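Data first, discussion second: the structure below is written as structure tokens.
Number of protein chains: 2
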Amino acid sequence: MTGGNKNDKVNMKTLAKELNLSTATISKALRDSYDISPETKLRVMEAARRLNYVPNAYASSLRKQSSNTIAIIIPEIADSFFSQAINGIESIVAPKKYHALIYLSHDSYEREASMFNDLASGRVDGLIMSVASSTQDTGHIKTLQETGIPIVFFDRVCEDITADKIVTDDYNSAYNAATHLLQAGCKNISLVTISGYPSILTAREQGYRNALTENGFVVKDAGIVTCSNKYTDENVNIIKAHLTTVKPDGIIATVEQLATATYLACDELKLQIPRDVKVVCFTNQITAAILNPSLTTILQPAYDMGKQAAEILFGRLSGRLNEAKQELIMPSQLIARASTAR
Amino acid sequence: MTGGNKNDKVNMKTLAKELNLSTATISKALRDSYDISPETKLRVMEAARRLNYVPNAYASSLRKQSSNTIAIIIPEIADSFFSQAINGIESIVAPKKYHALIYLSHDSYEREASMFNDLASGRVDGLIMSVASSTQDTGHIKTLQETGIPIVFFDRVCEDITADKIVTDDYNSAYNAATHLLQAGCKNISLVTISGYPSILTAREQGYRNALTENGFVVKDAGIVTCSNKYTDENVNIIKAHLTTVKPDGIIATVEQLATATYLACDELKLQIPRDVKVVCFTNQITAAILNPSLTTILQPAYDMGKQAAEILFGRLSGRLNEAKQELIMPSQLIARASTAR
DNA sequence: ATGAAAGCGCTAACAG
DNA sequence: CTGTTAGCGCTTTCAT
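Protein chains in written order, with the numbering used here: chain A, 1 to 342; chain B, 1 to 342.
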């Protein structure tokens, strides 16, 4: 190692020796405890700075049985919704000098379940998560919860678990999206969605179904296309097949990665948006406004959802918050653009 | 806490008591050490599973003085290049049962520098980073490096630090982008870039300058627009002002977040791409192909860069790799689309 | 106001 | 093959 002088490691013992104090005093002085004299505190702080003392987080965690670390479990990081949510979480976590350990499930139940081993070891004090779309059995989550670690769900929540949850009004958003398409003149609206069990998909599908039914349309199963939850381009073919057979004049895409797939499918089939098919998608992509044509989106308050989730988690961690678990529903926003123009 | 039965915490002592063995034996058995009898190993494994034993990572880290954790420092997470790079890093880190602690500098030198305190505490075994654009003084990085922690830079590297580096061929990419615009008929090409010191910006600017000069053009400083490195929309105005005064017929945008700003600026000024202005941008956004018009991009191999960075880091950590530091240059790809059509 | 001592859970010499 | 022992660096009673 280039100049790794491991021996100059300075810990509390070093400081104690330097100042002729005990490590106990050092410890208290550094934590600004009330029963240390102001002058001693100053001497300790000064020495710490001078010798470049850095506390060992693991020793502290081991001793205190708490880690000042939280976990974030999300399906995917290369997704605007989730990355914006992380920025929101981080805006709360960082100032508190907490750390965030980010786990990516890649929408796989197996990966997700295996991560929970780690979490039970006291590695983290709390968890913020969005469930993998392939997760059906939630035993791993319940087990962790029983150890007393607080969990806050956001967006993709577990219906069968009692915990704090931050979601958007998925039912209404999809209902509004469908209504918006109907008003734009669509008569045959399809739902393009992904496989899996997240509650948000059920809610979005229900909103879609009810909007159609209430407007006198019959919802056929053929009108619902299920794509892969992988971020691959096989979905383009699935959507192309659907467009060819069912010939919808309107599409609601339920998750971000389906926006590009839908556009490409239409393009390859020489279908023009919005003339031949109108499209609306649940997405937070900043480029929606400059797409060809600009895309009507349902924009979720990702940053604020993350922020809220973190705030609630810290409320639980500090004991400040100990009422019943709450479910916070934050409004999404339908932003009409050219892809749904008449 | 809901059913938090803290007292059933099972550690090695519990297992030892259960099986009438010492904790040393338990420890070795669990690590599959050669000097434990197969039957004992089986008994230990079985008991561990039965009692739901989870090792305490912090105790282990404290004792071993290594944490099986690496740090990733990047400017921003809501950026396709960086999030794809993280996926690449994670593809190497996860199978090794390592953890990745992600730190976001938000392109601020102060934030970045303050993170380095944390890292010196033995919290992480190694670091993969992309430097904040506002970082000029690299003392904090050098200090950490001197403690013997291996550092691998990717994309935004530090010129004045000897370390492993993964970059793309920024000079050539910009050179090619400029040549591409010239071939498309541009006579007045501007560079839209961000403020800050990353070497990649210098390289990209140099590629731009040389391509123009070699083709008989004079590069004026007015042809280079410097935007904010914040992910805000004030940049739209900066670019609008430039378009109005300098009236370029071609634009090279050096970083992802400037693509949307450039498009919006043109749109607001009713300038048509590619008729009035041709645009090429360094970006990994998946939506580039479906923009209006589709955007000519310089696509960096983000995922592979992350993967390589992680592989080199693990090479250093394992001691397998101990030759001189290497600088790996990975090729970017210019993907011509409608925004630069003649 | 300061210090002595115990111990968080684990690992690694070393003995047997 | 198994156990004893010491200690990683820190925090926290409990004395003084």
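Heads up, the beta-carbon is just placed ideally off N, CA and C, and yes, glycines get one too. This structure is a prediction, so every number in the text was calculated from the model and none was measured.
- prompt: So, Ser133 (chain A) versus Pro198 (chain A), is the Cβ gap smaller than 7 Å?
  reply: As a working note, residue 133 (chain A) is residue 133 in the first sequence. As a working note, residue 198 (chain A) is residue 198 in the first sequence. Yes, Cβ-Cβ distance for Ser133 (chain A) and Pro198 (chain A) is below 7 Å.
- prompt: Would a check of beta-carbon distances place Leu189 (chain A) closer than 7 Å to chain B?
  reply: As a working mapping, residue 189 (chain A) is identified with position 189 in the first sequence. According to the sequence as given, residue 189 (chain A) is Ile; it is not Leu. Output row for Ile189 (chain A): interface = no.
- prompt: Would you say Arg31 (chain A) faces chain B, with C-beta separation under 7 Å as the test?
  reply: The count along the first sequence starts at 1 and reaches residue 31 (chain A) at position 31. By this cut-off, Arg31 (chain A) is not an interface position.
message: Residues in the same chain with beta-carbon distance under 8 Å from Asp107 (chain B), minus the five sequence neighbours each way, listed in chain order, please.
response: The residue given as residue 107 (chain B) occupies position 107 in the second sequence. Pro75, Glu76, Ala132, Ser133, Ser134, Gly196, Asn229, Lys230.
field: Within chain B, partners of Tyr98 (chain A) - CB distance below 8 Å
entry: As a working mapping, residue 98 (chain A) is identified with position 98 in the first sequence. Ordered by position in chain B, no residue passes the 8 Å Cβ test against Tyr98 (chain A), which lies about 11 Å from the chain.
Proximal chain A residues relative to Val279 (chain B), where beta-carbon distance stays under 9 Å: By 1-based counting over the second sequence, the position of residue 279 (chain B) is 279. Those do not exist, as Val279 (chain B) stays about 11 Å from chain A at its closest Cβ, beyond 9 Å.
message: Please classify Val218 (chain B) as buried or exposed, where buried requires at least 16 other C-beta atoms within 10 Å of its C-beta.
response: Stepping through the second sequence from its first residue, residue 218 (chain B) is reached at position 218. With fewer than 16 Cβ atoms within 10 Å of its Cβ, Val218 (chain B) is classed as exposed.
- prompt: Taking buried to mean at least 16 other C-beta atoms within 10 Å of its own C-beta, is Ala24 (chain B) buried or exposed?
  reply: Position 24 of the second sequence, counted from the start, is the residue given in the question as residue 24 (chain B). Result: exposed.
- request: Return the residues of the stretch 104-132 of chain A that lie within a Cβ-Cβ distance of less than 7 Å from chain B, sorted by chain order.
  value: Leu104, Asn117, Ala120, Ser121, Gly122, Arg123
- prompt: So which residues on chain B does Ser80 (chain A) lean against when the C-beta distance must stay under 7 Å?
  reply: Locating residue 80 (chain A) in the first sequence gives position 80, counting from the first residue. Correct list: Ala78.
message: Is there a Cβ of chain A sitting closer than 7 Å to that of Gln333 (chain B), yes or no?
response: Residue 333 (chain B) sits at position 333 when you count from the first residue of the second sequence. No, no contact with chain A.
- request: Specify the secondary structure class of Val246 (chain B) as computed by DSSP and reduced to three states.
  value: Counting from 1 along the second sequence, the entry for residue 246 (chain B) is found at position 246. Three-state result, Val246 (chain B): helix.
- prompt: Quick one: which chain A residues come within Cβ less than 8 Å of Leu327 (chain B)?
  reply: As a working mapping, residue 327 (chain B) is identified with position 327 in the second sequence. Residue identity check: residue 327 (chain B) is Glu in the sequence provided, not Leu. Going along chain A, no residue has its Cβ under 8 Å from Glu327 (chain B), so there is no contact; the nearest lies around 16 Å.
message: Quick check on the DSSP output: what are the complete alpha helix (DSSP H) runs of length 4 or more inside the stretch 188-215 of chain A, in order along the chain?
response: 199-214
- prompt: Does any C-beta atom of chain B lie closer than 7 Å to the C-beta of Ser61 (chain A)?
  reply: In the first sequence, counting from the first residue as 1, residue 61 (chain A) sits at position 61. It does; some Cβ of chain B falls within 7 Å.
query: What residue does the alpha helix (DSSP H) around Ala59 (chain B) start on, and which one ends it?
result: Here the question's residue 59 (chain B) lines up with position 59 in the second sequence. That run of the alpha helix (DSSP H) goes 57-64.
- prompt: What do you reckon, are the CB atoms on Pro301 (chain A) and Ser339 (chain A) nearer than 7 Å?
  reply: Within the first sequence, the letter at position 301 stands for residue 301 (chain A). Within the first sequence, the letter at position 339 stands for residue 339 (chain A). The answer is no: Cβ separation not under 7 Å.
query: Below 7 Å between beta carbons: does that hold for Leu291 (chain A) and Leu291 (chain B)?
result: For the purposes of this step, residue 291 (chain A) is taken as the residue at position 291 of the first sequence. For the purposes of this step, residue 291 (chain B) is taken as the residue at position 291 of the second sequence. Against a cut-off of 7 Å, the Cβ pair of Leu291 (chain B) and Leu291 (chain A) comes out as a contact.
query: Under a three-way DSSP split, which group does Phe153 (chain B) fall into?
result: Taking the second sequence and counting its residues from 1, the one referred to as residue 153 (chain B) is at position 153. Here Phe153 (chain B) sits in strand by DSSP.
task: Express the C-alpha separation of Lys142 (chain B) and Gly3 (chain A) in angstroms, rounding to a whole number.
output: As a first step, residue 3 (chain A) must be located in the first sequence, where it is residue number 3. As a first step, residue 142 (chain B) must be located in the second sequence, where it is residue number 142. Note that Gly3 (chain A) scores a pLDDT of 32, beneath 50, so its modelled location is shaky and nothing firm can be said.
- prompt: So with Cβ pairs under 7 Å, would you call Tyr58 (chain B) a contact of chain A?
  reply: Within the second sequence, the letter at position 58 stands for residue 58 (chain B). Yes, contact with chain A.
Span separating the alpha-carbon of Gln308 (chain A) from that of Val124 (chain B): Counting from 1 along the first sequence, the entry for residue 308 (chain A) is found at position 308. Counting from 1 along the second sequence, the entry for residue 124 (chain B) is found at position 124. Gln308 (chain A) and Val124 (chain B): Cα-Cα distance of roughly 29 Å.
query: Quick one, are the C-beta atoms of Val278 (chain A) and Gly250 (chain A) less than 7 Å apart?
result: Position 278 of the first sequence, counted from the start, is the residue given in the question as residue 278 (chain A). Position 250 of the first sequence, counted from the start, is the residue given in the question as residue 250 (chain A). Looking at the sequence shown, residue 278 (chain A) is not Val but Lys. Yes, they are a contact pair.
query: For the beta strand (DSSP E) that Ile286 (chain B) lies in, which residues bound it at each end?
result: Translated into the one-based positions of the second sequence, residue 286 (chain B) becomes position 286. Ile286 (chain B) -> no beta strand (DSSP E), and no H or E assigned at all.
query: How long is the line joining the alpha carbons of Lys240 (chain B) and Met305 (chain A), rounded to whole angstroms?
result: On the second sequence, position 240 is the one that residue 240 (chain B) refers to. On the first sequence, position 305 is the one that residue 305 (chain A) refers to. Whole-angstrom Cα-Cα distance: 33 Å.
- prompt: Of the choices B:Leu313, B:Gln206, B:Met330, whose alpha-carbon is the least far from that of Lys96 (chain B)?
  reply: Along the second sequence, one-based indexing puts residue 96 (chain B) at 96. Of B:Leu313, B:Gln206, B:Met330, the residue nearest in Cα terms is B:Leu313.
message: Can you confirm whether the stretch 107-123 of chain B touches the stretch 319-337 of chain B when touching is taken to mean that 3 or more C-beta pairs between the two stretches lie within less than 8 Å?
response: no
- prompt: Is there contact between the stretch 203-219 of chain A and the stretch 160-180 of chain A, where contact requires at least three CB pairs shorter than 8 Å?
  reply: yes
- request: Return no unless some Cβ of chain A is closer than 7 Å to the Cβ of Ile73 (chain B).
  value: Translated into positions along the second sequence, residue 73 (chain B) becomes position 73. By this cut-off, Ile73 (chain B) is not an interface position.
query: Would Glu234 (chain B) be called buried (16 or more neighbouring beta carbons within 10 Å of its own) or exposed?
result: Within the second sequence, numbered from 1, the residue matching residue 234 (chain B) stands at position 234. Under this definition Glu234 (chain B) is an exposed residue.
message: Are the CB atoms of Leu30 (chain A) and Ala47 (chain A) within a distance shorter than 7 Å?
response: Within the first sequence, residue 47 (chain A) is the residue found at index 47, counting from 1. Within the first sequence, residue 30 (chain A) is the residue found at index 30, counting from 1. In this structure, Leu30 (chain A) does not lie closer than 7 Å to Ala47 (chain A) by Cβ.
field: Strand pairing of Lys165 (chain A), partner residues [DSSP]
entry: Residue mapping note: residue 165 (chain A) aligns to position 165 of the first sequence, counting from 1. DSSP output for Lys165 (chain A) lists A:Phe153, A:Glu327 as bridge partner(s).
message: What does the Cβ neighbour count give for Ala324 (chain B), buried or exposed, with the cut at 16 atoms within 10 Å?
response: Position 324 of the second sequence, counting from 1, holds the residue named residue 324 (chain B). So Ala324 (chain B) counts as exposed.
- prompt: Skipping 5 residues on each side, what residues in its chain have a beta carbon closer than 8 Å to that of Arg316 (chain B)?
  reply: Reading the second sequence from its first residue, position 316 is the one you call residue 316 (chain B). So the qualifying residues of the chain are Gly126, Pro150, Val152, Asp164, Asn322.
message: Give me the subset of the stretch 191-214 of chain A whose CB atoms are less than 9 Å from a CB atom of chain B, sorted by chain position.
response: none
query: Should Gly148 (chain B) be labelled buried (16 or more other beta-carbon atoms within 10 Å of its own) or exposed?
result: Within the second sequence, residue 148 (chain B) is the residue found at index 148, counting from 1. By the neighbour-count rule (16 or more Cβ atoms within 10 Å), Gly148 (chain B) is not buried but exposed.
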